[in-house]
């Protein structure tokens, strides 16, 4: 079989300079970050998000709330809050909101809108009013004028009643009778010859004819007595009504001037309507303020159990902006239903739990009304009632205080139904792109209410301008967090670390959390070393120590590989066996682990069997890669004869789920080796997916995969012929560790980028793949010959 030349390995091998992109600190015009101005009111590498955020905050049309989307750590929350705080200062503070007693329906408290700062003033004025009302009423009802008018009015009614009694007495005398008061009422008694009343005892002793005559005379007199009593009761009622009218006129006269000042200071229609109802209620209950009532009588007059009547004249200031110079910006970190929409609290007494309008508490929507409300989408969705209520409030433009649990209760704890508060707020949701996609596709109301998407990118172009911005970011963070200044060399290391995080030599990461961690830890190491500036060595130490704190699982896996528990060969040759590379995710640490992939082939019709798929240990993407592999084999080798093959592919010694298609080319190489009976160099590990035409496609985690195989080779002994074969497209993603870069430079380790399967199989086996029509002395020719024999034999 034709071998390829050693020069071809060298020609295809990647230059060490292409595997890492180092920032030259000599290009910086500063010696340390102390010389840099820093970043003022800006964000690095997010021009799209900046424009979208400015647009979303400027437009005032309904439904133009914002969803700020981006990966964790891109600074979307910090920047959004900075922009909101700045924008909030340019607008006037919104109105205050108060709840007051509803005299027409006490279960439905009234919501009053007042200019910013007037809520507290109105509450104070109402407290003063209650005190002044009490004093004025006591003074007026204790006055001599009131006493004289009341007495004169009472005397008038008494005189009229006396006239009625006198007329009745005269009429009784004409019948020889007299009216006499007893302990049980009035009785009519006959008069004797001397004009004196005959007692009931004497009357009982007289003869029957006289008693009959008395009864006859008493009958019309009793009718007249009943009529007179009816008239006197009417006079008493008239007297009470007149007294009540006098009292109310007196009360109105005593307090009306107190309300004039209040109406002048708070000149809104709804406040005026409330004050009118309040004034009427005080007039109707004036006796509560000036009469000497005992505790029991006070309770009967009060609006609730054991509650002072004056309690309902209080003002519940729900939201006050007295001390605010702009619109509110509220970040709600725990968006439960009650935290968002407010609640009605309860107080306990001998009657159980009671509530009233003074126990209404505001929610974040009330506090943010007129301004901005910021919520984390994940936190909001963890409270389903909250998300449903928020959508309902935004659609109706009102905040209604309800108890969502009432839907599942057969009785309500409180009959209060506070008047809804009009809502004018811009809601900003913060979340990941996956969260945005979920809401946009699953919730019909979402795209109507959140029409502005503010998208933060996780990467930006690596240009001289962006590198300088990164340096200014380091300067700003160091100053604001009282860190030591960073040298130009340290900043260069940070920039390179950012590119490694971005996974691209031409990009910088905009996920600043990992960068901030390195800055903080490097500062710690510099302080421990008693340095006055953070240098490049401190950055390297911080990165190295951070990895060591989390790589225990990598050491355990490496130990299993070295002691032979997990079999992975990094030298020698073998037919149908190859080293594939996978990523193990330990949460805060990723590392590449080589896996032994084997293939066995025979004549048959089963096709390519994936053992992991048959045992339900592979994911959908991995299964897709195997089907693509089968399509490649059919297109390449089954043009004249059907593909009469049974092949099995397996990831040896794997006991967990396998997913992803980055090993599909690796599996194909193992299969081709088995069919051609050509051994594969075990010192070369492979990663990359393949399409149906045999072209190699890029994969993720290329740096971790290369480094993972390198550490295994280093532990087992570097031979100088080991390396990793990667897709050509992944060259731009290379940003290898210093250890791997050093090995590449001294020739003890290699990286070969390949474009297609033919290039790959040649590097792995050292033999020519061949081009169609392929001679039998090539790998593809040998495979075609074997598959043709399989097809003929199977047909026979």
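In our numbering, the protein residues as written are 28 to 823.
We put the CB at the ideal spot given by N, CA and C, even for glycine.
Extract the residue ranges of the beta strand (DSSP E) inside the segment 530-602, only unbroken runs of 3 or more that lie entirely within it. Listed in chain order, they are 534-536 and 600-602.
Within its chain, find whatever has a CB closer than 8 Å to the CB of residue 763; leave out the 5 residues flanking it on each side and keep chain order. Position 736 of the chain shown, counted from the first residue, corresponds to residue 763. Only 46, 47, 730, 733, 734 and 771 meet the Cβ criterion.
Does the beta-carbon of residue 720 have 16 or more other beta-carbons within 10 angstroms, so that it is buried, or is it exposed? Taking the first residue of the chain shown as 1, we reach residue 720 at position 693. Exposed, by the Cβ-count rule.
What distance in whole Å lies between the Cβ atoms of residue 517 and residue 563, which are believed to be in contact at a cut-off of 8 Å? Against the chain shown, residue 563 aligns to sequence position 536. Against the chain shown, residue 517 aligns to sequence position 490. About 5 Å; that satisfies the 8 Å criterion.
Straight-line Cα distance separating residue 802 from residue 820: In the chain shown, counting from the first residue as 1, residue 820 sits at position 793. In the chain shown, counting from the first residue as 1, residue 802 sits at position 775. Their backbone Cα atoms lie some 21 Å apart in a straight line.
Rounded to the nearest angstrom, how far is the Cβ of residue 95 from that of residue 407, given a contact under 8 Å? In the chain shown, the residue the question calls residue 95 occupies position 68. In the chain shown, the residue the question calls residue 407 occupies position 380. Not confirmed; about 13 Å, so no contact.
Report yes if the C-beta distance between residue 128 and residue 195 is below 8 Å; otherwise report no. As a position in the chain shown, residue 128 is number 101, starting the count at 1. As a position in the chain shown, residue 195 is number 168, starting the count at 1. Going by C-beta atoms, residue 128 is not nearer than 8 Å to residue 195.
Straight-line gap, residue 678 to residue 625 (C-alpha atoms, nearest Å): Here residue 678 is taken as the residue at index 651 of the chain shown, counted from 1. Here residue 625 is taken as the residue at index 598 of the chain shown, counted from 1. One C-alpha to the other measures close to 7 Å.
Are the beta-carbon atoms of residue 100 and residue 499 separated by less than 8 Å? Against the chain shown, residue 100 aligns to sequence position 73. Against the chain shown, residue 499 aligns to sequence position 472. No, Cβ-Cβ distance for residue 100 and residue 499 is not below 8 Å.
Who are residue 624's beta bridge partners in DSSP? Residue mapping note: residue 624 aligns to position 597 of the chain shown, counting from 1. Paired residue(s): 605 and 678.
Sort out for me which residues DSSP pairs residue 153 with in a bridge. Counting from one through the chain shown, the residue named residue 153 turns up at place 126. Within the DSSP secondary-structure output, residue 153 pairs in no beta bridge.
Helix, strand or coil at residue 705 [DSSP, three-state]: Start at 1 with the first residue of the chain shown, and residue 705 comes out as number 678. Correct three-state label for residue 705: coil.
With distances taken from CA atoms, which of 140, 123, 215 and 490 is nearest residue 54? Counting from one through the chain shown, the residue named residue 54 turns up at place 27. The shortest Cα separation from residue 54 among 140, 123, 215 and 490 belongs to 490.
Stretch-stretch touch, CB-based, cutoff 8 Å, three pairs: the segment 608-627 with the segment 574-586: A contact between stretches requires three or more CB pairs, one per stretch, nearer than 8 Å, and the segment 608-627 meets this requirement with the segment 574-586.
On the DSSP letters alone, give me the boundaries of the alpha helix (DSSP H) that residue 71 sits inside. By 1-based counting over the chain shown, the position of residue 71 is 44. Per DSSP, residue 71 belongs to no alpha helix (DSSP H) and is neither H nor E.
Backbone secondary structure at residue 158 - three-state DSSP: As a position in the chain shown, residue 158 is number 131, starting the count at 1. Helix.
Answer yes or no: the CB of residue 559 versus the heavy atoms of the ligand SAM, is any distance below 7 Å? Here there are no bound small molecules, and the ligand SAM is not part of this structure.
What does the Cβ neighbour count give for residue 682, buried or exposed, with the cut at 16 atoms within 10 Å? For the purposes of this step, residue 682 is taken as the residue at position 655 of the chain shown. Its Cβ having fewer than 16 others within 10 Å, residue 682 is exposed.
Whose CA, out of 224, 172 and 180, lies closest to the CA of residue 266? As a first step, residue 266 is located in the chain shown; it is residue number 239 there, counting from the start. Measuring from the Cα of residue 266, the nearest candidate turns out to be 180.
Rounded C-alpha distance that separates residue 74 from residue 501: As a position in the chain shown, residue 74 is number 47, starting the count at 1. As a position in the chain shown, residue 501 is number 474, starting the count at 1. So the two alpha carbons sit approximately 20 Å from each other.
Specify the secondary structure class of residue 784 as computed by DSSP and reduced to three states. Translated into positions along the chain shown, residue 784 becomes position 757. Reduced to three states, the DSSP call for residue 784 is helix.
Alpha carbons only, please: which of 630, 357 and 413 is nearest the one belonging to residue 431? The residue given as residue 431 occupies position 404 in the chain shown. With distances taken between Cα atoms, residue 431 lies closest to 413.
Do residue 205 and residue 216 have their beta-carbon atoms positioned less than 8 Å apart in this structure? Here the question's residue 216 lines up with position 189 in the chain shown. Here the question's residue 205 lines up with position 178 in the chain shown. Yes.
Quick one: complete beta strand (DSSP E) runs, 3+ long, within the segment 402-473? 453-458
Here's the rule I'm using: 16 or more other beta-carbon atoms within 10 Å means buried, otherwise exposed. How should residue 684 be labelled? Working through the chain shown from its first residue, we reach residue 684 at position 657. Residue 684 comes out exposed.
Pairwise C-alpha distance: residue 777 and residue 788: The residue you call residue 788 lines up with position 761 of the chain shown. The residue you call residue 777 lines up with position 750 of the chain shown. C-alpha separation (whole angstroms): 16 Å.
Sequence-distant residues of the same chain with beta carbon closer than 6 Å to residue 828, five excluded per side: The chain is shown from 28 up to 823; residue 828 falls before or after that span and cannot be answered.
Identify the continuous beta strand (DSSP E) that holds residue 305 and give its terminal residues. The sequence position of residue 305 within the chain shown is 278, counting from 1. In the DSSP assignment, residue 305 falls outside any beta strand (DSSP E) and within the unbroken alpha helix (DSSP H) covering 296-311.
Count the other CB atoms, across all protein chains shown, that sit within 10 Å of the CB of residue 125; report buried if there are 16 or more and exposed otherwise. Stepping through the chain shown from its first residue, residue 125 is reached at position 98. Residue 125 should be labelled buried.
Residues in the same chain with beta-carbon distance under 6 Å from residue 130, minus the five sequence neighbours each way, listed in chain order, please. Walking along the chain shown from the start, residue 130 turns up at place 103. Taken in chain order, the residues that qualify are 304 and 308.
Residues bridged to residue 752 [DSSP beta-bridge criterion]: For the purposes of this step, residue 752 is taken as the residue at position 725 of the chain shown. Answer is 713 and 779, bridged to residue 752.
Sort 547, 80, 233 and 792 by Cα distance to residue 508 and report the nearest one. Within the chain shown, residue 508 is the residue found at index 481, counting from 1. With distances taken between CA atoms, residue 508 lies nearest to 547 out of 547, 80, 233 and 792.
Just grab the DSSP bridge partners of residue 722 for me. For the purposes of this step, residue 722 is identified with residue 695 of the chain shown, where counting begins at 1. DSSP, once it has assigned bridges, lists 783 as partnering residue 722.
Whose CA, out of 152, 459, 452 and 506, lies closest to the CA of residue 98? Sequence index remark: in the chain shown, residue 98 carries index 71 (1-based). When only C-alpha atoms are compared, the closest one is 459.
Candidates 255, 527 and 814: which alpha carbon is nearest residue 909's? Only positions 28 to 823 of the chain appear in the structure, and residue 909 is not among them; the question remains open.
Assigned exposure category for residue 122 - 16 Cβ within 10 Å defines buried: Start at 1 with the first residue of the chain shown, and residue 122 comes out as number 95. So residue 122 ends up on the buried side.
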